[in-house]
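Per the numbering used here, residue 2 is the first one in the sequence shown, and the count goes up by one each step.
Please read the structure below before turning to the comments.
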Amino acid sequence: MDRVFIEQLTVDTVIGVYEWERTITQRLLLDLSMAWDVSQAAEGDNLQYTLDYAAISGHVQAFAGAHSFELVETFAERLAAELMQVFAIPWLRLKVTKPGAVPQARGVGVEIERGCL
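Now the structure itself:
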């Protein structure tokens, strides 16, 4: 199975368990890998038959801006379900990184896989 990917997509959202975090937006970094047969798109050189990077990126940014979360895990689960439903994606891997959450680390986060290959 082919995979379409988007790396290091930045989104801003309200996320965190501490009270001060509930009053600001914070940046998250996302890596997406999505199963998709790209052969028809490649054969006809036609965007209609593949996943549109811009449409998915815009949807992710709108989703992040419209919701708030306490846990990175909750953000990842809900976003994965949203993308699979809206774009009919059969399988995806989503890595969500929250930079600066732990001073001794570049970032913390979660990586999930959902669906079937």
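Glycine included, C-beta positions come from ideal geometry on N, C-alpha and C.
Beta carbon of residue i nearer than 8 Å to that of residue j
i: A42; j: Y50; result: yes
i: R79; j: M35; result: no
i: S58; j: T14; result: no
i: L95; j: A77; result: yes
Backbone secondary structure at residue i - three-state DSSP
i: V15; result: strand
i: V109; result: strand
i: V103; result: coil
i: L80; result: helix
Which listed residue (the options) has its alpha carbon closest to that of residue i
i: L31; options: F64, Q86 and T24; result: F64
i: P100; options: E20, D53, I16 and W37; result: I16
i: Q9; options: A82, Y54 and W92; result: Y54
i: V73; options: V12, E22, L48 and V111; result: V111
i: E22; options: E71, D46, R94 and I7; result: E71
i: W37; options: R115, P91, A102 and E83; result: P91
i: R28; options: D46, L93, T98 and Y19; result: T98
Problem - Length-filtered (3 minimum) beta strand (DSSP E) runs lying within the segment 17-78 - result: 27-36
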